[in-house]
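Here is the structure we will look at, set down as structure tokens.
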Amino acid sequence: MKHLLSLTHPIQLVGGLTIWSIWFVAIYGGLSVACAVAPPDPLRDMWTGINLAVGLATLGAMALLLLLSWAAVLAARRTSVRRECYFGNVSAGIYLFSAGATLFVGYPVIFLPPCL
Amino acid sequence: MSDIKDATLTPEVQRLHKGMQEVWGNPKGLRALTVVNHTTVGLRFMVTGAIFFLIGGLLAMLIRTQLAFPDNNFMSPEVYNQVFTMHGTVMMFLFAIPILEGLAIYMIPKMLGARDLVCPRLTAFGYFCYLFGGIILFSSLILEMAPASGWFMYTPLSSGEYSPGPGSDFWLLGITFVEISALSAGVELVVSILRTRTQGMALHKMPLFAWYILAMALMIVVGFPPLILGSILLELERATGMPFFDVAGGGDPVLWAHLFWLFGHPEVYIIFLPGAGIVSTLIPVFAGRPIVGYGWVVAAIIIMGFVSFGLWVHHMFTLGIPQLALAFFSAASMLVAIPTAIQIFVWLSTLWLGRPRMTLPMLWIVGFLVIFVLGGLTGVMLALVPFNWQVHDTHFVVAHMHYVLVGGMLFPLMAGLYYWLPQVSGRMPSERLGKWSFWLIFLGFNVTFLVMHWTGLLGMRRRVFTYDTAMGWDIYNLISSVGGFIMSAGVALLILDIALHFRFGKKAPQNPWGADTLEWAMPKPPTPYNFVSLPKVETRHPLWEEPELSRTIYEGQHGLANIEHGRRETWGSDALTGKLRETIHLPSNSWWPLFSSLALAVVCISLLVRVYWVAALAALVAVVLLLRWSWENGAHPKVAPDATLEPSEPPLHFHTMNGPGVWTMSVSHLANGSLYLSLLFGWFYLWTVAPEWQMPESSPLSMPLLVLAGAALTLGAFVLSKLVRRLRRRNDVGLGGGMYLIGVLGVLQSALIGIVIWQAELAPIESAHDATLLVALVYVLIHALLGAILCLLQGLRVGYGFVSAEMPMEPVVVLRLWHYNLVVYWTLFVAIWVMPTLLGGAS
């Protein structure tokens, strides 16, 4: 198990996108449930509790992914095994992409109301 | 080098080849139906897929004939609806996926230096399910009762009220049957790529094509179950009246759209990825240099595989979803352009830095690049919500889809066909006929579909069977139809070329294109055992770096060059490093796959004609046949009469605790888990969204009985875990008795779930709530029964001596199932009892 958590293990190739997927399902599912259960006043703009929650989730997921990306770069630099270096670097790239994807998908919370 | 078949072999090596031929060779006559060899079954998949392609193409020509002129009466609206539905269905389900799977089944073991896939009988079973499912589905067209609701079968149009005939049933049952085939291929391709690479081929050294197929196979495993679930629910609604998609009964038709597109969008990438894999394989060969940025391509494949699951709602932009949610999916849809662009730049860079040779396969690759980039650009346009609203359901979308699918799949497939044809036939393709065919198809395609963008922008809806001349669409439709017929002429020429090829093609040299991968290191046409000896490969370009490899393999100078034991064997290697771990003993030819799929075909037909007692009987027969098939496994004397090994060889896989069976079970649970999560999604979706959903004040399910059933399951899983831990220490004391005990606990759990269902007095016809509960409980009941039966059989197998401390693999496989059951049962308990009880009747 400890081996799997190493940032140079190939399982990390899917780590970033798995986090992104969980975040994506959570914000879409959460938004749908929140709009069904407790929709804000339709006259309100984007400054609602739902947008705030989605925004915070976005920033949190992005920060985590950036951190993991940097950690994967460091892990790849530390190892002398070529295979581990390869998987560390590719994983770092995918973590970085996932961080960017999180921001890109989540940023509309700053200009769109949640349930209209 | 000259053909390795011309090499002079020592008598000993000749005997080795002869022995291999005897053990691996295909029988003739009726027994050809028992063949499980991946080369033969892969070819069968591809030939069957090609036949369905011609049928789908014929249907397309009927559509274009009808639309060529305004107010045309060539077909009635009813027939037109059937034709366009079947065109889409045949092309997507009976051509694109199966032919690509066939290519993967044929090619993957050859590229990885293996002798076969890890579950050869499953390969054959998958083929028969595909064949029978395809025939059943296609027969509906001949019987003039084909589905007519479009290839995505939107409810309520496809529901009983608006499609009362058997057309939708043909689609739902036939497609589900075909999808068994896709899933079985998906599971075994994943395990084969991870566990049967030749010695030394680490994960980051395997050919890029294998990465693409790995991603495709995993996407099939995760992506197809939502549609299987949707099809089961819709068929249940049509057959029994359970209102999953009926608003009045507490259902919601939009649930179908979600389940379909959860499958449908990844499906586009499932089709594209193998095509891109062909491109990534051919471009380095014809550029004469390694691909630029192997790691970038791997990253792009993985990103594409994941992100494609986050786009499904972009097919539903007009369904009334909140703007913010639309923005999420619009952004995700644009994101997928990044991994696509990475691959295109990698291919262009490789061509730029190499010395490209403009051969026939490369012509198709260039055609691919042009068409696919155009399709990708309109894809980004469609990702923008306002534009999407404007062109939704118009011919613009039809044109975009064909640019992406024909460009992304058909053109690379043709490139691959011409590239690998010498490997299959031992002959070179005809450049002249091939080029004529290419130009006709390329021009015909663009004339048809480029113009169709304008037709769509002018407002022509898809699926309209005719149009008034006042609309101004006449000339565009006529041009598209002419283009379609030009394309057909190209396909006809292609067929002629292939037919002549096998008779008149020039003899191919050993490695005609100067390729780097192992499929060119074997005799042509390939022997049924692929390689007489299995080489150690530690490079991405084995034939470039060791040109003599073909000869040394053929001369039996590498591993597993022994056939006196009479077993079919291939290496089992570490998923990550490629180090040898075990010798995988592969099963040989068998009737079980054919008989099992025949029984399932009877189930399918009986459900179609609604003779349910025959369906139940046939289902029982299918289960018995499948269990009987599983009985001949591992150390069963029929499959392993001789378990001796050379001292230098790793152990036979059933002597280990991590053989391919364990991996196969784990990957199967990915598919199973995807189905279960789709079911949970359906439950929560209807609960929160369906306007008429009725959640009762208190749960109709008995909590004590549910907890007791869960306790039996938990205890069984605990005891099984303990037995497996003992086996790891080579201790099999009490193994047989323990297995029987766990089996009894499984039976107890099943009985208790049965009582819960009986006591609940559910009304599944009246309410979607009760119908969903019933489906969920039946799902766990089936799993409980399966867990019980497998444990009881394990007890028997211990008695027969097939399972012991020396042969400990099978209980580990069964433990995977029990762990899965444990997670599913308790999460379901929370979803269907705890949460409704805590939240009360809030809906």
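Residue numbers (the numbering used here), protein chains in the order written: chain A, 1 to 116; chain B, 117 to 959.
Where is the CB? At the ideal position from N, CA and C, for every residue including glycine.
Give me the chain B residues within the contact set of residue 10/A, using Cβ-Cβ distance strictly less than 7 Å, ordered along the chain.
The sequence position of residue 10/A within the first sequence is 10, counting from 1. Ordered by position in chain B, the residues that pass the 7 Å Cβ test against residue 10/A are 319, 692.
Measuring CA to CA, which of 604/B, 931/B, 916/B is closest to residue 859/B?
By 1-based counting over the second sequence, the position of residue 859/B is 743. Checking every option, the nearest Cα to that of residue 859/B belongs to 931/B.
Look at residue 431/B and residue 380/B and say whether their C-beta atoms are less than 8 Å apart.
Within the second sequence, residue 431/B is the residue found at index 315, counting from 1. Within the second sequence, residue 380/B is the residue found at index 264, counting from 1. In this structure, residue 380/B lies closer than 8 Å to residue 431/B by Cβ.
Run through chain A and tell me which residues come within less than 8 Å of residue 448/B, C-beta to C-beta.
Working through the second sequence from its first residue, we reach residue 448/B at position 332. Correct list: 24, 101, 105.
Tell me, which residues are paired with residue 687/B by DSSP?
Along the second sequence, one-based indexing puts residue 687/B at 571. DSSP lists 699/B as partners of residue 687/B.
With a cut-off of 8 Å on the beta carbons, I'd call residue 572/B and residue 513/B a contact; round off their distance for me.
Taking the second sequence and counting its residues from 1, one reaches residue 572/B at position 456. Taking the second sequence and counting its residues from 1, one reaches residue 513/B at position 397. With 8 Å as the limit, residue 572/B and residue 513/B qualify as a contact, their Cβ atoms being about 7 Å apart.
Since residue 318/B contacts residue 693/B with CB under 8 Å, what's their CB separation in whole angstroms?
Here residue 318/B refers to the residue found at position 202 when the second sequence is read from its first residue. Here residue 693/B refers to the residue found at position 577 when the second sequence is read from its first residue. Indeed they touch by this definition, with Cβ atoms about 5 Å apart.
I'd like to know whether the C-beta atoms of residue 434/B and residue 369/B end up nearer to each other than 8 Å.
Indexing the second sequence from 1 puts residue 434/B at position 318. Indexing the second sequence from 1 puts residue 369/B at position 253. Not a contact, by the Cβ cut-off of 8 Å.
Alpha carbon to alpha carbon, how far is residue 102/A from residue 410/B?
As a first step, residue 102/A must be located in the first sequence, where it is residue number 102. As a first step, residue 410/B must be located in the second sequence, where it is residue number 294. About 25 Å.
Could you tell me the alpha carbon to alpha carbon distance between residue 846/B and residue 773/B, rounded to whole angstroms?
As a first step, residue 846/B must be located in the second sequence, where it is residue number 730. As a first step, residue 773/B must be located in the second sequence, where it is residue number 657. Computed Cα separation, rounded: 11 Å.
Under 7 Å Cβ-Cβ, which residues of chain B neighbour residue 19/A?
Along the first sequence, read from residue 1 onward, the residue named residue 19/A stands at position 19. Per Cβ cutoff of 7 Å: no residues; residue 19/A is ~10 Å from chain B at best.
Within 10 angstroms of the Cβ of residue 584/B, are there 16 or more other Cβ atoms? Answer buried if so, exposed if not.
Taking the first residue of the second sequence as position 1, residue 584/B is located at position 468. Classification for residue 584/B: exposed.
Helix, strand or coil: which one does DSSP assign to residue 510/B?
Taking the first residue of the second sequence as 1, we reach residue 510/B at position 394. Here residue 510/B sits in strand by DSSP.
Given that residue 804/B touches chain A, what residues does it touch there, using C-beta distances under 8 Å?
Position 688 of the second sequence holds residue 804/B. Neighbours of residue 804/B on chain A, chain order: 32, 33, 36, 37.
Using a Cβ-Cβ distance under 8 Å, would residue 502/B count as near chain A?
Taking the second sequence and counting its residues from 1, the one referred to as residue 502/B is at position 386. No, because no Cβ of chain A sits closer than 8 Å to the Cβ of residue 502/B.
Compare the C-beta of residue 131/B with all C-beta atoms of chain A and state if any pair is closer than 8 Å.
If you number the second sequence from 1, residue 131/B lands on position 15. With 8 Å as the cut-off, residue 131/B does not count as an interface residue toward chain A.
I'd like the span of the alpha helix (DSSP H) that includes residue 338/B, first residue to last.
The residue labelled residue 338/B in the question sits at position 222 within the second sequence. From DSSP, the alpha helix (DSSP H) with residue 338/B extends over 324-356.
Closer than 6 Å by C-beta to residue 629/B: which residues in its own chain qualify, once you throw out the five before and the five after it? Chain order, please.
Translated into positions along the second sequence, residue 629/B becomes position 513. Closer than 6 Å at Cβ, skipping near neighbours: 401.
Closer than 8 Å, CB to CB, is residue 422/B near chain A or not?
Within the second sequence, the letter at position 306 stands for residue 422/B. Chain A contact via Cβ: present.
If contact means a Cβ-Cβ distance below 7 Å, which residues of the stretch 398-418 of chain B contact chain A?
Answer set for the stretch 398-418 of chain B: 411, 414, 415, 418.
Starting from the beta carbon of residue 95/A, find every residue of chain B whose beta carbon is closer than 7 Å, and list them in chain order.
Position 95 of the first sequence holds residue 95/A. In chain order: nothing, as chain B lies at least about 10 Å away.
Beta carbon of residue 650/B, beta carbon of residue 137/B: below 8 Å?
The residue you call residue 650/B lines up with position 534 of the second sequence. The residue you call residue 137/B lines up with position 21 of the second sequence. Against a cut-off of 8 Å, the Cβ pair of residue 137/B and residue 650/B comes out as no contact.
Closer than 8 Å by beta-carbon distance: list the chain A residues that pair up with residue 333/B, in chain order.
Against the second sequence, residue 333/B aligns to sequence position 217. Those do not exist, as residue 333/B stays about 14 Å from chain A at its closest Cβ, beyond 8 Å.
How long is the line joining the alpha carbons of residue 851/B and residue 946/B, rounded to whole angstroms?
Start at 1 with the first residue of the second sequence, and residue 851/B comes out as number 735. Start at 1 with the first residue of the second sequence, and residue 946/B comes out as number 830. Taking the straight line from one Cα to the other gives about 33 Å.
For residue 928/B and residue 805/B, what's the separation of their Cα atoms in angstroms?
For the purposes of this step, residue 928/B is taken as the residue at position 812 of the second sequence. For the purposes of this step, residue 805/B is taken as the residue at position 689 of the second sequence. Whole-angstrom Cα-Cα distance: 41 Å.
Any beta carbon of chain B sitting closer than 8 Å to that of residue 78/A?
Looking up residue 78/A in the first sequence gives position 78. Answer no: the Cβ-Cβ gap between residue 78/A and chain B never drops below 8 Å.
Given that residue 13/A touches chain B, what residues does it touch there, using C-beta distances under 7 Å?
Locating residue 13/A in the first sequence gives position 13, counting from the first residue. Ordered by position in chain B, the residues that pass the 7 Å Cβ test against residue 13/A are 418.
Whose C-beta lies closer than 8 Å to the C-beta of residue 605/B among residues of the same chain, with five residues either side of it excluded?
By 1-based counting over the second sequence, the position of residue 605/B is 489. Excluding residues within five positions, the ones whose Cβ falls inside 8 Å are 556, 560.
Does residue 42/A come within less than 8 Å of chain B when only Cβ atoms are used?
Within the first sequence, numbered from 1, the residue matching residue 42/A stands at position 42. No, no contact with chain B.
Does residue 444/B come within less than 8 Å of chain A when only Cβ atoms are used?
Locating residue 444/B in the second sequence gives position 328, counting from the first residue. It does; some Cβ of chain A falls within 8 Å.
How long is the line joining the alpha carbons of residue 958/B and residue 283/B, rounded to whole angstroms?
Walking along the second sequence from the start, residue 958/B turns up at place 842. Walking along the second sequence from the start, residue 283/B turns up at place 167. No answer about residue 958/B holds up, because its pLDDT of 44 lies below 50 and its placement is not dependable.
For the structure I just gave you, are there three or more beta carbon pairs, one from the stretch 36-54 of chain A and one from the stretch 124-135 of chain B, closer than 8 Å?
Counting Cβ pairs under 8 Å, fewer than three are found: no touch.
How do the stretch 574-588 of chain B and the stretch 493-511 of chain B stand: do at least 3 beta-carbon pairs fall below 8 Å, yes or no?
With the cut-off at 8 Å, the stretch 574-588 of chain B and the stretch 493-511 of chain B touch.
Starting from the C-beta of residue 696/B, find all residues in its chain whose C-beta is less than 7 Å away, skip the five residues before and the five after it, and write them out in chain order.
What you label residue 696/B is simply residue 580 of the second sequence in a count that begins at 1. Only 315, 687, 689, 766 meet the Cβ criterion.
Please name the residue in 146/B, 182/B, 187/B, 205/B whose C-alpha comes closest to that of residue 171/B.
Here residue 171/B corresponds to residue number 55 of the second sequence, with the count starting at 1. For the residues 146/B, 182/B, 187/B, 205/B, the minimum Cα distance to residue 171/B belongs to 205/B.
Which residues in chain B have a C-beta closer than 7 Å to the C-beta of residue 73/A? List them in chain order.
In the first sequence, counting from the first residue as 1, residue 73/A sits at position 73. Ordered by position in chain B, no residue passes the 7 Å Cβ test against residue 73/A, which lies about 14 Å from the chain.
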